[in-house]
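Structure first, then comments.
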Amino acid sequence: MIELRQAALEILAVTDAQVKVSQAFQLFDQYQRQLIELDVAAVLNDLDLGLPGRPLKPKLVLPKMVPKRRMDTPEGRAGLLHSLAHIEFNAMNLALDAIWRFSDMPKEYYEDWLKVAKEEAYHFSLVNAHMQSSGFSYGDFPAHNSLWEMVERTTDSVIARMALVPRTMEARGLDAVPAIRDRFKQIKETRAVEILEIILHDEIGHVLIGNRWFNFLCDADNLSPIAAYRELAEKYSAPILKGPFNLEARKQAGFTVEELNLLGA
Ligand SMILES: [Fe+2]
Ligand SMILES: [Fe+2]
3 MIELRQAALE ILAVTDAQVK VSQAFQLFDQ YQRQLIELDV AAVLNDLDLG LPGRPLKPKL
63 VLPKMVPKRR MDTPEGRAGL LHSLAHIEFN AMNLALDAIW RFSDMPKEYY EDWLKVAKEE
123 AYHFSLVNAH MQSSGFSYGD FPAHNSLWEM VERTTDSVIA RMALVPRTME ARGLDAVPAI
183 RDRFKQIKET RAVEILEIIL HDEIGHVLIG NRWFNFLCDA DNLSPIAAYR ELAEKYSAPI
243 LKGPFNLEAR KQAGFTVEEL NLLGA
């Protein structure tokens, strides 16, 4: 029988984006149909897999080298969609990474991240299909890798991963998506608006999952979530959070009133 965490590792190593997407969907389906077992205790090794598997393109560049996207040209709009596609591709990778890398978490932790992997695969497909309808595809523009870099920085600690990837990086997405959606609304590109609504809705769930497991780990070690977050953000050089914040979405995503108040401070 296939084992979930081993399979997640193998899918993470897949380089072709379409193949990775369909394998992520398949993994989710097979797990639901109880065709896959889960070994929470296995300590897996990525050996020389060169994670994450990714296509030769897009070319990865520093964030400041990614040009600002203009909405008044087809290239500019496709470039904006391309940066979203790249984020979704890496988000799928990070969910798979959370499954294989960290052992001895409760079963529900792995099930939560499997759901995230499936939803990120779906987001990638939506954005990529829409970009293709205007003649562009994933790999046509350079992209930056700051999301994956935070994943790599936190390979040694599941609490740091939960604090800094879903609760920090994905939570920034909650702040950023409404403005991007509104840019497409202004030019009446309704399909893009619909896709961004789906993404925003699902991403609240992903941040909620990050909060659930961060708080679980804080409880287990008797840590205060606020103090623990502050320490981890400093230790792992997390980006400083800048507003404006989507406080409503962040509240739905499980941040406490105290945490929300600190954002404004
Ligand atoms: Fe996503
Ligand atoms: Fe996400």
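Each residue of the sequence shown is one higher than the one before, counting from 3 in the working numbering. All C-beta atoms, glycine included, are put in the ideal place defined by N, C-alpha and C.
- Note that the region 238–250 touches the region 170–181; at least 3 beta-carbon pairs, one per stretch, sit closer than 8 Å.
- Looking at the backbone, the Cα of D18 and that of D221 are separated by about 39 Å.
- Distances between the C-beta of D204 and the heavy atoms of ligand 1 include at least one below 8 Å.
- The nearest non-hydrogen atom of ligand 2 is 8 Å or more from the C-beta of G256.
- A distance criterion of 8 Å places the beta-carbon of G266 beyond contact range of ligand 2, judged by its closest non-hydrogen atom.
- A direct Cα-Cα distance of roughly 17 Å separates K253 from V167.
- Under the rule that a run must span 3 or more residues, no beta strand (DSSP E) segment is found entirely inside the region 112–189.
- In this structure, P168 has its beta carbon less than 8 Å from a heavy atom of ligand 2.
- In this structure, ligand 2 has a non-hydrogen atom nearer than 8 Å to the beta-carbon of G175.
- The alpha carbon of A123 has as its nearest neighbour, out of L6, F30, A235 and R169, the alpha carbon of F30.
- Scanning its chain for C-beta atoms nearer than 8 Å, with the 5 sequence neighbours on each side dropped, one finds around S139 the residues N130 and M133, in chain order.
- Nearest to S136 by C-alpha distance, out of V45, L82, L265 and A255, is L82.
- In this structure, ligand 2 has a non-hydrogen atom nearer than 8 Å to the beta-carbon of A93.
- Secondary structure note for R193: its alpha helix (DSSP H) is the uninterrupted segment T192 to A222.
- For A194, the closest alpha carbon among the candidates N217, V21 and H125 is that of H125.
- I189 and M73 have their C-alpha atoms some 8 Å from each other.
- The C-alpha of W215 is placed about 35 Å away from the C-alpha of A80.
- Linking Y33 to L6 through their CA atoms gives a straight-line distance of about 8 Å.
- Linking L53 to A15 through their CA atoms gives a straight-line distance of about 6 Å.
- Within a 10 Å sphere around the beta-carbon of P69 sit fewer than 16 other beta-carbons, which makes this residue exposed.
- In the three-state scheme derived from DSSP, where H, G and I count as helix and E and B as strand, L49 is classed as coil.
- The region 145–157 makes contact with the region 94–107, as at least three CB pairs between them are under 8 Å.
- Spanning the alpha carbons of I206 and E261 requires a straight line of approximately 16 Å.
- Going by C-alpha positions, L37 is about 21 Å away from V45.
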